[in-house]
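Engineer: Have a look at the structure that comes next, please.
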Amino acid sequence: MNLPSLSFITQAILVLAIALFGYILIKERQRTRGYLESYDRILNAARKLYKVVSGDTNIEQAFVQVVDVTNKELNLGLCLLGHLNNEKNQIDKIFFPLGGSIGQFQSAPIDIKESSSLIARAIREKQSFISFDKLLVFGQEVSLNLSFNSIFVYPVTTSEEVVGVFILFSNKHPNNMAKFELEIIGDYVDLVGLIIGNSKLLTSLKENKESFASMTKQIYTMNAKLHQLDHLKDDFVSVASHELRTPMTAIKSYAWMALYRSDIPLSEKLKKYLSRTLISTERLINLVNDMLNVSRIESGRIEVNPKAFDLVKLSQDVALEVETRATEREVKVIVQEQKVPQAFGDPDKVHQVLLNLVGNALKFTPQGGQINISFFSDGQNIEISVKDSGVGISKDDLPRLFQKFSRLDNSYVAAATSGGTGLGLFISKSLIELMKGKIWASSEGLNKGATFTFSLPVASQENLSQVESYRVKAGGGAKQLEPVAI
Amino acid sequence: MNNEQKRILVVEDDQFLREFYQELLQGEGFIVDVAADGDSASLKIQQGGYDLVLLDIMLPKKDGLQILRDYSLSPPKEKNGPIVVLTNLGQDVVIKQAFSLGAAGYMIKSALNPNQVLAEIQSYLKNSR
Numbered sequence: 005m006n007l008p009s010l011s012f013i014t015q016a017i018l019v020l021a022i023a024l025f026g027y028i029l030i031k032e033r034q035r036t037r038g039y040l041e042s043y044d045r046i047l048n049a050a051r052k053l054y055k056v057v058s059g060d061t062n063i064e065q066a067f068v069q070v071v072d073v074t075n076k077e078l079n080l081g082l083c084l085l086g087h088l089n090n091e092k093n094q095i096d097k098i099f100f101p102l103g104g105s106i107g108q109f110q111s112a113p114i115d116i117k118e119s120s121s122l123i124a125r126a127i128r129e130k131q132s133f134i135s136f137d138k139l140l141v142f143g144q145e146v147s148l149n150l151s152f153n154s155i156f157v158y159p160v161t162t163s164e165e166v167v168g169v170f171i172l173f174s175n176k177h178p179n180n181m182a183k184f185e186l187e188i189i190g191d192y193v194d195l196v197g198l199i200i201g202n203s204k205l206l207t208s209l210k211e212n213k214e215s216f217a218s219m220t221k222q223i224y225t226m227n228a229k230l231h232q233l234d235h236l237k238d239d240f241v242s243v244a245s246h247e248l249r250t251p252m253t254a255i256k257s258y259a260w261m262a263l264y265r266s267d268i269p270l271s272e273k274l275k276k277y278l279s280r281t282l283i284s285t286e287r288l289i290n291l292v293n294d295m296l297n298v299s300r301i302e303s304g305r306i307e308v309n310p311k312a313f314d315l316v317k318l319s320q321d322v323a324l325e326v327e328t329r330a331t332e333r334e335v336k337v338i339v340q341e342q343k344v345p346q347a348f349g350d351p352d353k354v355h356q357v358l359l360n361l362v363g364n365a366l367k368f369t370p371q372g373g374q375i376n377i378s379f380f381s382d383g384q385n386i387e388i389s390v391k392d393s394g395v396g397i398s399k400d401d402l403p404r405l406f407q408k409f410s411r412l413d414n415s416y417v418a419a420a421t422s423g424g425t426g427l428g429l430f431i432s433k434s435l436i437e438l439m440k441g442k443i444w445a446s447s448e449g450l451n452k453g454a455t456f457t458f459s460l461p462v463a464s465q466e467n468l469s470q471v472e473s474y475r476v477k478a479g480g481g482a483k484q485l486e487p488v489a490i
Numbered sequence: 004m005n006n007e008q009k010r011i012l013v014v015e016d017d018q019f020l021r022e023f024y025q026e027l028l029q030g031e032g033f034i035v036d037v038a039a040d041g042d043s044a045s046l047k048i049q050q051g052g053y054d055l056v057l058l059d060i061m062l063p064k065k066d067g068l069q070i071l072r073d074y075s076l077s078p079p080k081e082k083n084g085p086i087v088v089l090t091n092l093g094q095d096v097v098i099k100q101a102f103s104l105g106a107a108g109y110m111i112k113s114a115l116n117p118n119q120v121l122a123e124i125q126s127y128l129k130n131s132r
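Line by line, the protein sequences are chains A and B.
Heads up, the first sequence is in our numbering, so the first residue is 5 and it goes up one at a time.
Heads up, the second sequence is in our numbering, so the first residue is 4 and it goes up one at a time.
This is the structure we're talking about:
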C-alpha cells in the first residue's frame, strides 16, 4: 500500500510507535493477566483453606493445613509458618513441607522479647521484613538446604492478636518483582490471619459449648446430691433426736423417782444433787427439741398455713398454760382485754412464739413481778407486746438477742437455774418472719424490765384473698415443730 | 380414785423405761403387765381384759401401728380399755395414723415428768368409765 504525502522516516516512526504501543499493550495485558492469575490463585488457596480449617481443627492443625495448602496452591516459593506461644511469648514451632507432608522445623524457640531476629521483630513491631540472610531471619543457625533469592517475613494477625509468623523463601529478588507481586503476599498473609482467627473462634465456641454442657451436668448432679444430703441430714437429725430421747427419758424418770419416790430419807445435799440432775436433763431434752426445730426451719421443712385468728384469745390460752409455773414463781400474767382486729398468720406457730416470749419473761422476772400482754393495731398490722418487770437487757445485748446461742452477759446467773437453750428467740424470729411479720425487743436497761413485741399482718379482706402469697410450703415433706420449753 | 384391781399393760422395748413405768404404776397400786416386743405385746392384747394399754410405737418384731391395726380388725372377747400410744417423736403423721387405727390418745415420753404421766393415766381411766 502506498502512503502518499508521508516521507519514509515519518512512516518508520509511525510503525515503530504502533509496534511500541502494541508491545506496551501486550506487556500491560500480560501484567494484568499475571496480576489476575496471582489473585485467582490466592483466592483459590484461601477458599481451600477455609474449607479445611473448621471448628474441629485445633490451632496446630490449622497451621499445618495452611503450610500444606500454601505450598501446594501458590507458586510463591517455600512457605513456613511459625506458631506463637502466647504464654511463653516465643515461637515454639515452625511448620514446613517435608517430603509429602508437613513437619516441624528444627530450631530452638525464638523468644520474642529478647531475640534480635527478624521473626521476633516482625511480631514485636507488627511489621513485615525482607532479608537475604537466614541467620538474620531466624537469629540462629538453621539447616535449610535451599537456594533462594529473598526471604519475606510477615507477622500473622487475627482481628485480636498476633498468632504467628509467615516466612517465604522466594526465588525472586524484590527488585525483580512487580508491585502487585509484593502486595499479594501481604494480602495472602492477611487472609491466613482471618482464617486462623476464625478457626480459633470456632474452637473456643465449641469448647465453651462443651464446658457449658459439662458444667450444667455437674450442677445438676451436685444439686441432686445436696438434696439427698439435706434429706439425709434431716432424717438423721430426726432419728438421732429420737434415739437421744430414749436414754434422756430414762435419766429423767429415774432421777425423779430417786427424788420423789425414794425408799430412804434423803439428805438435803442428795436432794440438791438429784434436783440439779433433773433440771439438767430437762435442759438437754429442750436443747434437742430446739435444735431439731432449727434444723427443720433451716431446711425449709416448716409449713405456714395462714388464717384469720384471734390474737387476744390465743394470748389468754397461753397465759392459762403457764399459770402453774407463774403461780410457783409468784409472778402475775395479765392479758389486756382489747378490741383489736383479727391477725393473719399460722396460729400454731404464733402459739409457739408467744409461749417462748412469755416463758422467757417468766424466767427473768423475780418474785412478785408482773408480765403484761398488750396489743396495738394501725389497721394494717397488729402488734402484741410482752412486757415484764424483770432483769432487763443492756443496750449492748439488745442487738444480739435473736441470734443463735446468744448468751447475754448479764443473764448467766438466771440461765443456769432457768435452763434456756439459747435458740428460743432465734426460732421465734424465724417463725415470725416466715409469716411476714416483724419481731423486736426494747429495754430501758438493766433491772428495768424488757418488752418483746412482734407484729403480724391484719386479717384484712386483701390479705385473706392473697392467702397463697402468705402460705409457706415445705420443700420435701413437712415436719412439725417440737414443743417449746417454758 | 381406787387403783386396786386396775390392770395396765405397758409395752416398751427399752428395758430401763419399761421397768420405770412398771415401778411407777405398781407404786400407785395398779396391776402391771409388760411386753418388750411386738409379738408378745400382740399376744397379751389379744388375751384382753386390760383397763389401759400404754403402747410404744417403735417396737422390734411388730410395730405399734401394726398391733393397733390387728386389734381393730379382730378385737378379743374380753376387750381392753383405751390404748394410749407412747412416743418420743412428735410427728403428726404417725400420731394421726395411730388415731385412725383406734388409739385413744398419745404421750410424748420425754416431755412428761412422772407426775404428769400419772395424771394423764388417771384421766384416761376416768374417761373410759
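Positions of the beta carbon are idealized from the N, C-alpha and C atoms, including for glycine.
This structure is a prediction, so every number in the text was calculated from the model and none was measured.
In the DSSP assignment, what are the bridge partners of Ala445 (chain A)?
Structural biologist: The residue given as residue 445 (chain A) occupies position 441 in the first sequence. The partner list for Ala445 (chain A) (beta bridge, DSSP) reads A:Phe456.
Engineer: Using the C-alpha atoms, what's the distance from Thr250 (chain A) back to Gln69 (chain B)?
Structural biologist: Here residue 69 (chain B) is taken as the residue at index 66 of the second sequence, counted from 1. Here residue 250 (chain A) is taken as the residue at index 246 of the first sequence, counted from 1. Their Cα atoms are separated by approximately 21 Å.
Engineer: Compare the C-beta of Ser113 (chain B) against all C-beta atoms of chain A and say whether one is closer than 8 Å.
Structural biologist: By 1-based counting over the second sequence, the position of residue 113 (chain B) is 110. Ser113 (chain B) counts as touching chain A.
Engineer: Please list the terminal residues of the continuous alpha helix (DSSP H) segment that includes Met295 (chain A).
Structural biologist: On the first sequence, residue 295 (chain A) is found 291 positions in, with the first residue counted as 1. First-last of the alpha helix (DSSP H) with Met295 (chain A): 272 to 302.
Engineer: Got a sec: which bits of the stretch 254 to 269 of chain A sit with their beta carbon under 8 Å from any beta carbon on chain B, in order along the chain?
Structural biologist: Hits within the stretch, in order: Ala254, Lys256, Ser257, Tyr258, Trp260, Met261, Tyr264, Arg265.
Engineer: Alpha carbon to alpha carbon, how far is Ala114 (chain B) from Gln222 (chain A)?
Structural biologist: Mapped onto the second sequence, residue 114 (chain B) falls at position 111. Mapped onto the first sequence, residue 222 (chain A) falls at position 218. Going by the C-alpha atoms only, they are around 45 Å apart.
Engineer: Please compile the residues from chain B whose C-beta is within a distance smaller than 8 Å of the C-beta of Val249 (chain A).
Structural biologist: Numbered from its first residue, the first sequence carries residue 249 (chain A) at position 245. In the sequence as displayed, the identity of residue 249 (chain A) is Arg instead of Val. Asn91, Lys112, Ser113, listed in chain order.
Engineer: Can you tell me where the beta strand (DSSP E) with Tyr54 (chain A) in it begins and where it stops?
Structural biologist: Mapped onto the first sequence, residue 54 (chain A) falls at position 50. Tyr54 (chain A) -> not in any beta strand (DSSP E); alpha helix (DSSP H) instead, spanning 12 to 56.
Engineer: With a CB to CB cut of under 6 Å and the five nearest residues on each side skipped, what residues in its chain are close to Ala365 (chain A)?
Structural biologist: By 1-based counting over the first sequence, the position of residue 365 (chain A) is 361. Excluding residues within five positions, the ones whose Cβ falls inside 6 Å are Ile375, Val390, Asp392.
Engineer: For my contact list, Ile127 (chain A) and Pro159 (chain A) are in at a C-beta cut-off of 8 Å; report their separation, rounded to the angstrom.
Structural biologist: Walking along the first sequence from the start, residue 127 (chain A) turns up at place 123. Walking along the first sequence from the start, residue 159 (chain A) turns up at place 155. Between Pro159 (chain A) and Ile127 (chain A) the Cβ distance is about 5 Å, and since that is below 8 Å, they are a contact.
Engineer: Report the start-end ranges of each beta strand (DSSP E) in the stretch 333 to 364 of chain A that is 3 residues or longer and not cut off at the edges.
Structural biologist: The stretch 333 to 364 of chain A contains these whole beta strand (DSSP E) runs: 336 to 339, 347 to 349.
Engineer: Flag this pair as touching only if the stretch 470 to 478 of chain A and the stretch 17 to 36 of chain B have three or more C-beta atom pairs under 8 Å; answer yes or no.
Structural biologist: In short, these stretches do not touch, since the Cβ pair count stays below three.
Engineer: Do Ala130 (chain A) and Asn93 (chain A) have their C-beta atoms within less than 8 Å of each other?
Structural biologist: In the first sequence, residue 130 (chain A) corresponds to position 126, counting from 1. In the first sequence, residue 93 (chain A) corresponds to position 89, counting from 1. Looking at the sequence shown, residue 130 (chain A) is not Ala but Lys. No.
Engineer: Mapping DSSP to helix, strand and coil, what is Pro159 (chain A)?
Structural biologist: For the purposes of this step, residue 159 (chain A) is taken as residue 155 along the first sequence, with counting starting at 1. Strand, per DSSP.
Engineer: Distance cutoff 8 Å, beta carbons only. Does Ile289 (chain A) sit that close to anything in chain B?
Structural biologist: On the first sequence, position 285 is the one that residue 289 (chain A) refers to. Chain B, which has a Cβ nearer than 8 Å to the Cβ of Ile289 (chain A), makes this yes.
Engineer: Can you check DSSP and say which residues form a bridge with Phe380 (chain A)?
Structural biologist: As a first step, residue 380 (chain A) is located in the first sequence; it is residue number 376 there, counting from the start. DSSP output for Phe380 (chain A) lists A:Glu387 as bridge partner(s).
Engineer: Measure the beta-carbon distance from Asp445 (chain A) to Leu402 (chain A) and round it to whole angstroms, keeping in mind my assumption that it falls under 8 Å.
Structural biologist: Walking along the first sequence from the start, residue 445 (chain A) turns up at place 441. Walking along the first sequence from the start, residue 402 (chain A) turns up at place 398. Residue identity check: residue 445 (chain A) is Ala in the sequence provided, not Asp. Confirmed, about 6 Å.
Engineer: Return the residue from the list A:Ser410, A:Ile490, A:Ala489, A:Asp350 that minimises the CA-CA distance to Leu460 (chain A).
Structural biologist: The residue labelled residue 460 (chain A) in the question sits at position 456 within the first sequence. Considering only alpha carbons, the answer is A:Asp350.
Engineer: Please list the residues of the stretch 62 to 73 of chain B that have a C-beta atom closer than 7 Å to any C-beta atom in chain A, keeping them in chain order.
Structural biologist: Listed in sequence order: no entries.
Engineer: Measure how close the beta-carbons of Gln110 (chain A) and Ser151 (chain A) come, nearest whole angstrom, since I'm counting them as under 8 Å.
Structural biologist: For the purposes of this step, residue 110 (chain A) is taken as residue 106 along the first sequence, with counting starting at 1. For the purposes of this step, residue 151 (chain A) is taken as residue 147 along the first sequence, with counting starting at 1. With 8 Å as the limit, Gln110 (chain A) and Ser151 (chain A) do not qualify as a contact, their Cβ atoms being about 20 Å apart.
Engineer: Tell me which residue opens and which closes the alpha helix (DSSP H) that Gly41 (chain B) is part of.
Structural biologist: On the second sequence, position 38 is the one that residue 41 (chain B) refers to. Note, Gly41 (chain B): alpha helix (DSSP H), 41 to 50.
Engineer: Within 10 Å of its beta-carbon, does Ala23 (chain A) have 16 or more other beta-carbons around it, so buried, or fewer, so exposed?
Structural biologist: Taking the first residue of the first sequence as position 1, residue 23 (chain A) is located at position 19. With fewer than 16 other Cβ atoms within 10 Å, it is exposed.
Engineer: Per DSSP, what kind of secondary structure is Tyr53 (chain B) in: helix, strand or coil?
Structural biologist: By one-based count along the second sequence, residue 53 (chain B) stands at place 50. Correct three-state label for Tyr53 (chain B): coil.
Engineer: Could you compute how far the alpha carbon of Leu450 (chain A) sits from the alpha carbon of Val395 (chain A)?
Structural biologist: Locating residue 450 (chain A) in the first sequence gives position 446, counting from the first residue. Locating residue 395 (chain A) in the first sequence gives position 391, counting from the first residue. Straight-line Cα distance between these residues: approximately 6 Å.
Engineer: Report the neighbours of His246 (chain A) on chain B: residues whose CB is nearer than 8 Å to its CB, in chain order.
Structural biologist: For the purposes of this step, residue 246 (chain A) is identified with residue 242 of the first sequence, where counting begins at 1. Those are Met61, Asn91, Leu92, listed as they occur along chain B.
Engineer: Here's the rule: buried if 16 or more other CB atoms are within 10 angstroms of the residue's CB, otherwise exposed. What is His87 (chain A)?
Structural biologist: Start at 1 with the first residue of the first sequence, and residue 87 (chain A) comes out as number 83. When all chains shown are included, His87 (chain A) counts as buried.
Engineer: Taking 8 Å as the cut-off, does the stretch 7 to 20 of chain B touch the stretch 36 to 52 of chain B (at least 3 CB pairs, one atom from each stretch)?
Structural biologist: Counting Cβ pairs under 8 Å, three or more are found: they touch.
Engineer: Please identify, using Cβ separations under 7 Å, the residues of the stretch 9 to 22 of chain B that lie next to chain A, in order along the chain.
Structural biologist: Flagged, chain order: Asp17, Phe19, Leu20.
Engineer: Answer with yes or no whether the minimum CB distance from Met295 (chain A) to chain B is below 8 Å.
Structural biologist: Position 291 of the first sequence, counted from the first residue, corresponds to residue 295 (chain A). Taking Cβ atoms only, chain B never reaches closer than 8 Å to Met295 (chain A), which makes this a no.
Engineer: How should Asp400 (chain A) be labelled, buried or exposed, when 16 other C-beta atoms within 10 angstroms of its C-beta is the threshold for buried?
Structural biologist: Sequence index remark: in the first sequence, residue 400 (chain A) carries index 396 (1-based). Exposed, by the Cβ-count rule.
Engineer: Can you tell me the Cα-Cα spacing of Phe67 (chain A) and Asp234 (chain A), whole angstroms?
Structural biologist: Position 63 of the first sequence, counted from the start, is the residue given in the question as residue 67 (chain A). Position 230 of the first sequence, counted from the start, is the residue given in the question as residue 234 (chain A). Rounded to the nearest angstrom, the two C-alpha atoms are 52 Å apart.
Engineer: Of the residues B:Ile60, B:Gly30, B:Glu123, B:Asn83, which one's Cα is nearest the Cα of His246 (chain A)?
Structural biologist: For the purposes of this step, residue 246 (chain A) is taken as residue 242 along the first sequence, with counting starting at 1. When only C-alpha atoms are compared, the closest one is B:Ile60.
Engineer: Indicate whether the contact test is met: 3 or more Cβ pairs, each with one atom in the stretch 320 to 328 of chain A and one in the stretch 277 to 292 of chain A, closer than 8 Å.
Structural biologist: Touching, no.
Engineer: Quick one, which residues of the stretch 337 to 360 of chain A are near chain B if we go by CB-CB under 9 Å, in chain order?
Structural biologist: Taking 9 Å as the Cβ-Cβ cut-off against chain B, none of the residues of the stretch 337 to 360 of chain A qualify.
Engineer: If you measure between the beta carbons of Ser134 (chain B) and Asp73 (chain B), is that distance less than 8 Å?
Structural biologist: There is no way to answer for residue 134 (chain B), as the model of chain B reaches only from 4 to 132.
Engineer: Give the range of the alpha helix (DSSP H) segment to which Arg475 (chain A) is assigned.
Structural biologist: Here residue 475 (chain A) corresponds to residue number 471 of the first sequence, with the count starting at 1. Careful: Arg475 (chain A) lies outside any alpha helix (DSSP H) and carries neither H nor E.
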